Amino acid sequence: MTHATGRKYLRPGVLPHMWCAGCGIGTMLGALLRAFEELDYSRADTVVVTGIGCTGKLDDYLLTNALHTTHGRALAYATGIKAFRPHLNVVVVMGDGDSVNIGGNHFIHACRRNIGLTAIVLNNFNFGMTGGQASATSPEWSFTSTTSYGNPERAFDICALAEVAGANYVARSTPGHGWEMQGLIKRALANRGFSLVEVISPCPTHFGRRNDMPETVQSLRWLKQHAVPVERYRGLAAAERQGCFPIGTLVERDEPDFSTNYSRVRARAAEGRPA
Ligand code: SF4
């Protein structure tokens, strides 16, 4: 029995990659490419859209169609592609900066629109590429290069935001759960509406060394201790949930997606039937 490697989507000669030792972006890239292979995605019909920052460099490694866009606008570009060519598999890979900091408004409306994009968000708890500044997902009272005395702000729960904004599929994983992550990405790709897979992966270079996780193994241990399968998480008392987060499929719905609704608009327009 052979296992998917994802290599047929990987540009030859690009390894070793640019990410720091212990960073979870490479694990996420591997899971994404293996999911493509298991779903038999053609390179010609697949578009990966990225933003800016460490995660935004991911498009450099791909043989699929790829579009490297401006900070926070990846979802806006991807929305245009999907609206114009609904048959394409459009995947948007972002960091927390692209998705819920600078791109927060695009994120909310992509969920509300329930447009058939698969968003993979690598949440590293800070702005990694520019030196580890606090972001909207830095945990409260954590230490970053701009919160030396502790972060006084609460963090966004990206999955909860996607759920209330209307996404059809919402899941969470970590680099410590690579095989499970691959399965979640496949389910996200298969859903017709907007899908989110959040990958919680504290940046070892900036966030980890300021928050008692200077080595990769400590970061992975932290993830294993705090990530709880959602079925078990739902059975925990409020006090037992403190500091933990659920992983797995959190939301799976079958609400009409944007392209389905928009095809009805096109049909009405073709018949000359305004309201
Ligand atoms: Fe990963 Fe942080 Fe290094 Fe960026 S700076 S590649 S997020 S470990």
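In the working numbering, the protein residues as written are 1113 to 1387. Think of the CB as a built atom: it goes at the ideal place given N, C-alpha and C, for glycine as much as any other residue. Since we're looking at a predicted model, the values are computed, not measured.
Beta-carbon gap between Thr-1181 and Arg-1155 smaller than 8 Å: In the sequence shown, the residue the question calls residue 1181 occupies position 69. In the sequence shown, the residue the question calls residue 1155 occupies position 43. No, Cβ-Cβ distance for Thr-1181 and Arg-1155 is not below 8 Å.
Beta-bridge partners of Leu-1122, as assigned by DSSP: As a position in the sequence shown, residue 1122 is number 10, starting the count at 1. In the DSSP output, where bridge partners are listed per residue, Leu-1122 has Leu-1174.
8 Å CB neighbourhood of Leu-1151 in its chain, flanking five on each side removed: The residue given as residue 1151 occupies position 39 in the sequence shown. The residues are Lys-1298, Leu-1301, Ala-1302.
Euclidean distance between Cα positions of Gly-1184 and Glu-1343: To locate residue 1184, count along the sequence shown from 1; it is residue 72. To locate residue 1343, count along the sequence shown from 1; it is residue 231. Computed Cα separation, rounded: 33 Å.
Inter-residue Cα distance where the pair is Ile-1359 and Asn-1235: If you number the sequence shown from 1, residue 1359 lands on position 247. If you number the sequence shown from 1, residue 1235 lands on position 123. So the alpha carbons of these two residues sit roughly 14 Å apart.
6 Å Cβ shell around Phe-1153 - same chain, five flanking residues per side excluded: Residue 1153 sits at position 41 when you count from the first residue of the sequence shown. The residue you asked about is not Phe; residue 1153 is Tyr in the sequence shown. So the list reads Asn-1201, once near-sequence residues are dropped.
As assigned by DSSP and simplified to three states, the class of Gly-1209: Stepping through the sequence shown from its first residue, residue 1209 is reached at position 97. Residue state, collapsed to three classes: helix.
N- and C-terminal bounds of the alpha helix (DSSP H) containing Thr-1328: Residue mapping note: residue 1328 aligns to position 216 of the sequence shown, counting from 1. In the DSSP annotation of this structure, the continuous segment of the alpha helix (DSSP H) that includes Thr-1328 starts and ends at 1328–1338.
Contact belief for Phe-1237 with Gly-1209 at Cβ below 8 Å, rounded distance in angstroms: Taking the first residue of the sequence shown as position 1, residue 1237 is located at position 125. Taking the first residue of the sequence shown as position 1, residue 1209 is located at position 97. With a Cβ gap of about 11 Å, Phe-1237 and Gly-1209 do not count as contacting.
Identified DSSP bridge partners for Leu-1301: One-based indexing of the sequence shown puts residue 1301 at position 189. According to DSSP, residue pairing for Leu-1301 in a beta bridge does not occur.
Segments assigned alpha helix (DSSP H), at least 4 residues, entirely inside the stretch 1117–1169: As far as the stretch 1117–1169 is concerned, its whole alpha helix (DSSP H) runs of at least 4 residues are 1137–1150.
Minimum C-alpha distance to Met-1293 - residue among His-1318, Ile-1227, Thr-1361, Asp-1172: The residue given as residue 1293 occupies position 181 in the sequence shown. Residue Thr-1361 is the option with its Cα nearest to Met-1293.
Identity of the residue in Pro-1314, Asn-1226, Ala-1116 nearest Gln-1245 by Cα: Position 133 of the sequence shown, counting from 1, holds the residue named residue 1245. Answer by Cα proximity: Pro-1314.
Assigned exposure category for Arg-1380 - 16 Cβ within 10 Å defines buried: Numbered from its first residue, the sequence shown carries residue 1380 at position 268. Exposed: under 16 other Cβ atoms inside 10 Å.
Beta carbon shell of the ligand SF4 at less than 6 Å from a heavy atom: So the residues near the ligand SF4 by this Cβ test are Trp-1131, Cys-1132, Cys-1135, Ile-1137, Cys-1166, Asn-1236, Gly-1240, Met-1241, Cys-1315, Pro-1316, Thr-1317, His-1318.
Contacts around Ala-1147, its chain only, beta-carbon distance under 6 Å, and the 5 residues preceding and following it disregarded: Mapped onto the sequence shown, residue 1147 falls at position 35. Once the five neighbours on either side are set aside, the close Cβ partners of Ala-1147 are Gln-1294, Ile-1297, Lys-1298.
Touching by the beta-carbon criterion (3+ pairs, under 8 Å), the stretch 1250–1268 and the stretch 1304–1313: Because the criterion of three Cβ pairs below 8 Å is not met, the stretch 1250–1268 and the stretch 1304–1313 do not touch.
Backbone CA spacing between Gln-1354 and Pro-1251 [nearest angstrom]: Counting from one through the sequence shown, the residue named residue 1354 turns up at place 242. Counting from one through the sequence shown, the residue named residue 1251 turns up at place 139. Straight-line spacing of the CA atoms in Gln-1354 and Pro-1251 works out to 13 Å.
Inter-stretch contact at 8 Å, needing at least 3 Cβ pairs: the stretch 1213–1220 / the stretch 1186–1197: With a cut-off of 8 Å, the stretch 1186–1197 and the stretch 1213–1220 count as touching, because enough Cβ pairs lie within range.
According to DSSP, residues forming a beta bridge with His-1180: Position 68 of the sequence shown holds residue 1180. His-1180 is bridged to Thr-1162.
Within 8 Å, strictly: CB atoms of Thr-1242 and Val-1203: As a working mapping, residue 1242 is identified with position 130 in the sequence shown. As a working mapping, residue 1203 is identified with position 91 in the sequence shown. Taking 8 Å as the Cβ cut-off, Thr-1242 and Val-1203 do not qualify as a contacting pair.
Complete runs of the beta strand (DSSP E) confined to the stretch 1250–1296 [at least 3 residues]: For the stretch 1250–1296, whole beta strand (DSSP E) runs of length 3 or above, ordered along the chain, are 1281–1285.
Ala-1222 to Leu-1273 span [Cα, whole Å]: Along the sequence shown, one-based indexing puts residue 1222 at 110. Along the sequence shown, one-based indexing puts residue 1273 at 161. Within the model, the alpha-carbon separation for Ala-1222 versus Leu-1273 is close to 12 Å.
Helix, strand or coil at Ala-1246 [DSSP, three-state]: Translated into positions along the sequence shown, residue 1246 becomes position 134. Correct three-state label for Ala-1246: strand.
Assigned secondary structure, Thr-1230 (DSSP; H/G/I helix, E/B strand, else coil): Working through the sequence shown from its first residue, we reach residue 1230 at position 118. In this structure, Thr-1230 counts as strand in the three-state DSSP scheme.
With 16 other Cβ atoms within 10 Å as the buried cut-off, status of Trp-1131: As a first step, residue 1131 must be located in the sequence shown, where it is residue number 19. Its Cβ being crowded by 16 or more others within 10 Å, Trp-1131 is buried.
Buried versus exposed, by CB contacts within 10 Å (16 or more), His-1289: Here residue 1289 refers to the residue found at position 177 of the sequence shown. Classification for His-1289: buried.
Cβ neighbour criterion (16 or more within 10 Å) applied to His-1115: The count along the sequence shown starts at 1 and reaches residue 1115 at position 3. The residue is exposed, with fewer than 16 neighbouring Cβ atoms inside 10 Å.
Same chain only: Cβ atoms within 6 Å of Gly-1278, ignoring 5 sequence neighbours per side: Position 166 of the sequence shown, counted from the first residue, corresponds to residue 1278. Excluding sequence neighbours, Gly-1278 sits near Cys-1223, Arg-1224, Asn-1226.
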